[in-house]
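Residue numbers (this note's numbering): 49 to 163.
Glycine included, each C-beta is placed from N, C-alpha and C at the ideal position.
To keep things clear, I will list the structure first and then write my remarks on it.
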Amino acid sequence: MGQPPSRQTGGRTGRPQTRGHGVDHFRRPGNRSPDPVPQRGKAGAPYLQLSVLARVPSMCTLLISFQNHPVAPLVVAANRDELYARPTSTPVVLRDNPRAIGGKDLRFGGSWFGV
């Protein structure tokens, strides 16, 4: 078993933060940090501090379409690409009619995500 990721104290809470990609896969069972507590922003809405968000896996693409279609006034789509080593393009127009936007797999030519 390897060494746990290096940790540092940071943020306003002084809680330990994970360096790197945010997910501490090597945490030992008895070495658990406290559960995240939502804080309140300026408008009173809850938000999570960066030290908490750093532990959430990130997504490769988030697309938001607002008032572009009469049947679907809001479309939110997301993708988390598991194959980081495979080369891909940023989202491009894949087709005009119907309009489709997505990333392209540069190795095999397919679309890895499209809306």
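1. Buried or exposed for Thr136, please, with buried defined as at least 16 other CB atoms from any protein chain shown within 10 angstroms of its CB.
2. By DSSP, does Gly158 sit in helix, in strand, or in coil?
3. Give me the Cβ distance between Gly157 and Pro139, rounded to the nearest whole Å; I'm assuming they're in contact under 8 Å.
4. Pull the bridge partners of Thr136 from the DSSP assignment, please.
5. Could you work out which residue in Val119, Lys152 and Phe114 is closest to Ala125 when comparing CA atoms only?
6. Can you grab the Cα-Cα spacing for the pair Ala148 / Val141, in whole Å?
7. Quick check on Arg147: does DSSP put it in helix, strand or coil?
8. Buried or exposed: Ser54, going by 16 or more other Cβ atoms within 10 Å of its Cβ?
Taking the geometry as given:
1. Counting Cβ neighbours within 10 Å, Thr136 comes out buried, since at least 16 surround it.
2. For Gly158, the three-state secondary structure derived from DSSP is coil.
3. A Cβ-Cβ distance of about 16 Å is found for the pair Gly157 and Pro139, leaving them out of contact under the 8 Å criterion.
4. Answer by DSSP bridge pairing, in chain order: Asp153.
5. Checked all of Val119, Lys152 and Phe114; the closest Cα to Ala125 is Phe114.
6. Ala148 and Val141: Cα-Cα distance of roughly 6 Å.
7. If DSSP states are grouped into helix, strand and coil, Arg147 belongs with coil.
8. Model confidence at Ser54 stands at a pLDDT of 45, short of 50, so the residue's coordinates are unreliable and nothing is read from them.
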